[in-house]
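Residue numbers (our numbering): 2 to 76.
Here is the structure:
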């Protein structure tokens, strides 16, 4: 009787420990996935912002050069 109770308690404790470990692993995996996704979003935003800024700067440069050429033709 006592041995059976001890075995039941041991089995319950082992099951609880396994469940806790599985939950912790799942939470860690979810956190890692979220962090990777956030990093990917940041990289995409930075790349898009850099390309947009470069395109805007090139547009300003081309506009400036065209105005300068027109002034040289006129003047």
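Quick reminder that beta carbons are idealized off the backbone N, C-alpha and C, glycines included.
Given the structure, does residue i come close to the ligand MG, in the sense that its CB is under 7 Å from one of the ligand's heavy atoms?
| i | result |
| --- | --- |
| residue 59 | Ligands displayed in this structure: none; no statement on the ligand MG is therefore possible. |
Who are the Cβ neighbours of residue i in its own chain at under 8 Å, not counting the five residues just before and after it?
| i | result |
| --- | --- |
| residue 57 | none |
Only counting the same chain, and skipping five residues up and downstream in sequence, which positions put a Cβ closer than 6 Å to that of residue i?
| i | result |
| --- | --- |
| residue 31 | none |
Any alpha helix (DSSP H) of 4 or more consecutive residues that is wholly inside the segment 14–68: none
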